[in-house]
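Structure first, then comments.
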Amino acid sequence: MRPSMIHRMAFPKFPGLYRRNNVPDWQKLHQAHDGVRQWNKGPRAKYMLYPYYACLIATTAATQYMMVRMVLGKKTWFGGATAAKE
183 MRPSMIHRMA FPKFPGLYRR NNVPDWQKLH QAHDGVRQWN KGPRAKYMLY
233 PYYACLIATT AATQYMMVRM VLGKKTWFGG ATAAKE
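Structural data, given as structure tokens:
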């Protein structure tokens, strides 16, 4: 084989090989004692947390709503359909 082919096979090009090391910057951000919770730090925290909170509140509310309806004997989301009477 040609020497250039051997060189290419032995030393592949990794996309992040010569990239700037951002680890110290992220350590400064997350290890700073600024009174903010760990999961609220970072530039994308709001984009991940607010949809999570919305889903958490919606599913909790839906569960509570249906539990109350089941206690009252109604097994559907809407309407007055009652449980089967035997």
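Be aware that the sequence shown starts at 183, since it is given in my numbering, and climbs by one per residue.
Where is the CB? At the ideal position from N, CA and C, for every residue including glycine.
So what's residue i in DSSP terms, helix, strand or just coil?
{"i": "residue 195", "result": "coil"}
{"i": "residue 257", "result": "coil"}
{"i": "residue 225", "result": "coil"}
{"i": "residue 200", "result": "coil"}
Given a cut-off of 9 Å, decide if residue j and residue i are closer than it, judged by their beta-carbon atoms.
{"i": "residue 211", "j": "residue 221", "result": "no"}
{"i": "residue 249", "j": "residue 259", "result": "no"}
In the DSSP assignment, find the alpha helix (DSSP H) that holds residue i and state where it starts and stops.
{"i": "residue 215", "result": "Element bounds for residue 215: n/a, residue is neither H nor E."}
Can you grab the Cα-Cα spacing for the pair residue i / residue j, in whole Å?
{"i": "residue 228", "j": "residue 198", "result": "27 Å"}
{"i": "residue 224", "j": "residue 255", "result": "47 Å"}
{"i": "residue 202", "j": "residue 240", "result": "41 Å"}
{"i": "residue 257", "j": "residue 233", "result": "29 Å"}
{"i": "residue 242", "j": "residue 253", "result": "17 Å"}
{"i": "residue 217", "j": "residue 226", "result": "18 Å"}
{"i": "residue 196", "j": "residue 205", "result": "18 Å"}
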